[in-house]
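What follows is a single structure, written as structure tokens, with notes after it.
Numbering (the numbering used here), first residue to last: 1 to 216.
Below, the structure written as structure tokens:
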């Protein structure tokens, strides 16, 4: 994606708004030096920029990038996912298949992996979209623990859902398989329109006891 086609968003207390729309009422953002990127500022495979703003001070306080899959982000994908799994559950064999060989098990079959990066190029978070024929699954979403509380799950959710909604395959839905006791995560999914559905015969991961679905 060229610099001219990079998507730009403003993060507003957990909500996303395009930079263009935000600038119609808050023109100051267009002159903020933090919004002036050069092509060389974007990390490899960058598709979007997210600006965290202080509305009272009228300034950009942080900036993040979303990149789609590139092998250089493979280590971030595994590190973030393993850290999250070890904190709440355990790393299972099927996790390692995805984390050790994401190209073969996620990308090549038709899925995508998004990486959230800071301005120094450090990977802060990840989310994977898995292709399942007539629908897609959102999985392996996480943010490094030291960055919790900054609302960084929202850019990841925004990109994942946009990918599914606008895909040429015309996916009718996105499924999530999770655990009911993960309250903050479940609430996040509900905020984006996911509804609880029967788990059915799902048995890929032992930790799963809740299924959720977003229908387009």
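Where a beta carbon is used, it is the ideal one built from N, C-alpha and C, also for glycine.
- At the C-beta level, residue 125 and residue 80 come within 9 Å of one another.
- In this structure, the straight-line span from the alpha carbon of residue 91 to that of residue 99 is close to 10 Å.
- In the structure shown, residue 13 falls within a coil segment according to DSSP collapsed to helix, strand and coil.
- Residue 63 carries a strand assignment under DSSP once its states are collapsed to helix, strand and coil.
- A straight-line Cα-Cα distance of about 47 Å links residue 29 and residue 93.
- The shortest C-alpha to C-alpha distance from residue 61 to any of 164, 27 and 34 is the one to 34.
- Here the alpha carbon of residue 142 sits roughly 27 Å from the alpha carbon of residue 5.
- Taking 9 Å as the cut-off, the beta carbon of residue 210 is found no closer than this to the beta carbon of residue 164.
- Non-local C-beta neighbours of residue 200 in its own chain, meaning closer than 8 Å and more than five positions away in sequence, comprise 211, ordered along the chain.
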